[in-house]
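Participant: Got a structure for you, questions after.
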Amino acid sequence: MKPKNISDFVTLSEIVNKKSSLVLKATKMNLDNNSYESSIWKFSRNEWIELKKSSNWNFSNPKYSNTKNSISFIKTPKSSDILDSLEKKGNSLTNKLVTRTGNQEKIIFETEDTISNYIWSEKDEFIYVITKEWSSDYKNIKSKTDHPLEIDKLPFRFDTTGTIYNKRFHIYEVNVSTLKTKKIIDGDKESLLSISSLIEMDSSLFFISSKHNEKGTMLENQVLKFSKSKLKVLNTGGMWEQIFYFNNNLYGVGLENRFDWPTNISVFELNEDGVVRKIKNEIDRGVVKVKVFNNYVFVLFEDSGKQSLLKTDFKDYEFLSDEESIISDFTVYDDKIYTLKNSFNLKDEVYIGLNKQTKKISEFNKSFHKNVKAHQCVYKRFDTGQSEIDTWGILVDINRPTLLNIHGGPAGQYGFGFFDEFQVYASSGFNVIACNPRGSSGRGHKFLRDVCGNKWGENDTFDVLTSFKKMIQHLGIKNKDFGIMGGSYGGFMTSWIISHYPKMFKSAIVERALLNWETMVGTSDIGIGFPEMYLLDDMNSNLNLYRKKSPITYANNIVTPTLIIHSEKDYRCPIEQAEQLFSNLKRRNIETSMIRFPDESHELSRSGKPNHRIQRFESIVEWHKKQLN
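Going by our numbering, the first residue of the sequence shown is number 1, and it counts up by one from there.
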């Protein structure tokens, strides 16, 4: 697989159903426009039909109505070039919420701002629309980017979002028949900086939101109820990713206390009087997503490199899947489970059934796999003497160099899913090895927390290097030219390892890395809480710990030729982190180079502009070939 091949595969998401009919979103790169194209597909009578595709518009968030035979979706203008073209033709540049019944389409709601989500009411009388709009203070300012910003709260920006306090979220109620629109939740009035996971039950709306606390020193996550024109706070202080209703009870997916992190994302019952009760976790694993069908709760969860499903009524638990694959989304009808799934060497497709009864019912990536050879992996769980570590390897040739890849997080996981990075590196002639050290998700609470405090940089380093050596031996690799690389926390680990084991690797790539805890506290969008949660102490009382656990403290030990990759609008690990390391290496005449990607965030490798993602791949391959061949 070559770097440009990432433009050939299709990514599937947002699957929903009405009886046996399915609707989903399919996304693909367009290199000519340097953009992503999203279309809506429908599966009915064993046939896939592309409902919506346009050179000018993207389509997303498909949903079926509850009682009518209607499909709805969001329609968004694509790129700036296309916007200019549409404007010249006199077309509306607004974002639109559209319903489709048969072949008839109707615009339900449109705005110059962002439509972030929506839901149908229980009886399809209304659609509730969440928008993200400029706050009243900035609404009438023509050149918002040139206007000075007064900042008086923390945090003041988020990665991929930018400055947060000058945008507000609202909820509109739209009458489907008359199209009469009413703002029912005013984000300016309530100071709402986000709204998510909107649901309706018994003529009341429930949603998750964030706002600054009274001191303006951090964000408060809230669960809110809107009923009879009154807004009530049900919970404050947690960290919620999703809410849902089941058996007349309200439930939340997340953490009861945001500062409990790192731990498993779990399910809690949320009493309307503010009482929170944790549902017994039978799996000791992190919950990814929850959906309710047929009087059961279906839970998607991480487990040792997989994403699997279980069914429960919170009394009994039935594990539905144990495949070596990643289920990214699912829906259920008449005891039939439809999944969006990928495996190590197969990109996204739609499947019906699970485990040995699985049947593929789509061919979205058929042409991609016809033209691209995907490499198989070798999986082993190695006993390191301190823990058992899930490890994956791609063997190209025992006489070729090997790349050690370290994931971000640390609460993340590598696994059995299709990962473009591994395929590109293997096709470039490198053996590839990766693992999930202590601190990774998918292995339970204790495993997740086993890098906190003084263990940071210690337990994880031991696991990574031990499993790497064991997989080298297992695969029979003879070439001792090794490269190391990682992004975010993986970038921390890369710089930590090459500063503590300076002769072990001949090539290194440090990407979007955490390098200095001390400066991260004041510059990162999560600097106010993340360091304390992992180091178990605050910087003011234990500055020595923050310096002790920072790779920049040991940068003078680095002799490995090192490529540094960073995005200029990365607010998670701000670019000053990269600049500190680059300056150190350059002053000491260590072979190094820094690539800065303009107008990109921490998410460059996953959702950056297509040309930048390809350029990133090419730079990585070129650097390792230079140092290792």
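Beta carbons are placed, not taken as given, at the ideal position from N, Cα and C, and that holds for glycine.
If you draw a straight line from the alpha carbon of L475 to that of C435, how long is it in whole angstroms?
Facilitator: L475 and C435: Cα-Cα distance of roughly 15 Å.
Participant: Grouping DSSP H, G and I as helix and E and B as strand, with all else coil, what is E363?
Facilitator: Residue state, collapsed to three classes: coil.
Participant: Counting Cβ pairs, one atom from each stretch, are 3 or more of them under 8 Å apart for the segment 526 to 535 and the segment 558 to 565?
Facilitator: Touching, no, given that fewer than three Cβ pairs across the two stretches are closer than 8 Å.
Participant: For G483 and S507, which I take to be in contact (beta-carbon distance under 8 Å), what is that distance rounded to the nearest angstrom?
Facilitator: With a Cβ gap of about 4 Å, G483 and S507 count as contacting.
Participant: So V98 and P62 are in contact, right, with Cβ under 8 Å, and what is the actual spacing, rounded?
Facilitator: Incorrect: roughly 10 Å between the Cβ atoms, too far for contact.
Participant: Grouping DSSP H, G and I as helix and E and B as strand, with all else coil, what is Y501?
Facilitator: Coil, per DSSP.
Participant: Judging by CA-CA distance, which residue of T161, K211 and F301 is the nearest neighbour of D599?
Facilitator: Minimum Cα distance to D599 is reached at T161.
Participant: Would you call D84 buried or exposed, if buried means 16 or more other Cβ atoms sit within 10 Å of its Cβ?
Facilitator: Residue placement at D84 is flagged as unreliable, the pLDDT there being 48, under the threshold of 50; the coordinate-derived value follows with that caveat. Classification of D84: exposed, given that the 10 Å Cβ count is below 16.
Participant: Rounded to whole angstroms, what's the CA-CA distance from Y425 to I6? Just pull it up for me.
Facilitator: Approximately 13 Å between the Cα atoms of the pair.
Participant: Measure the CB-CB distance between K347 and S325 and report whether it falls below 8 Å.
Facilitator: No, Cβ-Cβ distance for K347 and S325 is not below 8 Å.
Participant: Ordered along the chain, which non-local residues of its own chain (more than five positions away) have a Cβ less than 7 Å from that of K4?
Facilitator: Excluding residues within five positions, the ones whose Cβ falls inside 7 Å are I614.
Participant: Can you check which of these residues, L51, S524, S605 and N140, is closest to N103 by C-alpha distance?
Facilitator: Considering only alpha carbons, the answer is L51.
Participant: Any idea if Q413 is buried or exposed, counting beta-carbon neighbours within 10 angstroms, 16 or more meaning buried?
Facilitator: Buried, because 16 or more other Cβ atoms sit within 10 Å of the Cβ of Q413.
Participant: Exposed or buried, what is H147 when buried is set at 16 or more other beta-carbons lying within 10 Å of its beta-carbon?
Facilitator: Under this definition H147 is an exposed residue.
Participant: Give the range of the alpha helix (DSSP H) segment to which E618 is assigned.
Facilitator: From DSSP, the alpha helix (DSSP H) with E618 extends over P610 to L628.
Participant: Can you tell me whether R512 is buried or exposed, with buried defined as 16 or more other CB within 10 angstroms of its CB?
Facilitator: Result: buried.
Participant: As an exercise, report each continuous beta strand (DSSP E) stretch of at least 3 residues that is fully enclosed by the segment 183 to 267, in chain order.
Facilitator: Qualifying beta strand (DSSP E) stretches, in chain order: 194 to 201, 204 to 212, 219 to 227, 230 to 236, 239 to 246 and 249 to 255.
Participant: Would you say T27 and V16 are within 8 Å of each other, going by their C-beta atoms?
Facilitator: Contact: no.
Participant: To which residues does DSSP link I433 through a beta bridge?
Facilitator: According to DSSP, which records beta bridges pairwise, I433 is partnered with G393 and L404.
Participant: To the nearest angstrom, how far is it from the Cα of N46 to the Cα of I361?
Facilitator: Approximately 8 Å between the Cα atoms of the pair.
Participant: Count the other CB atoms within 10 Å of the CB of F259; is the residue buried (16 or more) or exposed (fewer)?
Facilitator: Looking at its Cβ environment, which holds fewer than 16 other Cβ atoms inside 10 Å, F259 is exposed.
Participant: Can you tell me the Cα-Cα spacing of S524 and M218, whole angstroms?
Facilitator: One C-alpha to the other measures close to 13 Å.
Participant: Along the chain, which unbroken stretches of the beta strand (DSSP E) at least 3 residues long are found entirely within the segment 543 to 583?
Facilitator: The qualifying runs are 562 to 567.
Participant: What is the rounded straight-line gap between the Cα of V223 and the Cα of E110?
Facilitator: Near 27 Å, if we compare the C-alpha coordinates of E110 and V223.
Participant: Inspect the CB distances between the segment 464 to 481 and the segment 328 to 340 and report whether three or more fall short of 8 Å.
Facilitator: These segments do not touch.
Participant: Using only CA atoms, which one of L192, P155 and I107 lies nearest to S136?
Facilitator: Selected option, being the one with the closest Cα: L192.
Participant: What do you reckon, are the CB atoms on Y251 and E269 nearer than 8 Å?
Facilitator: Yes.
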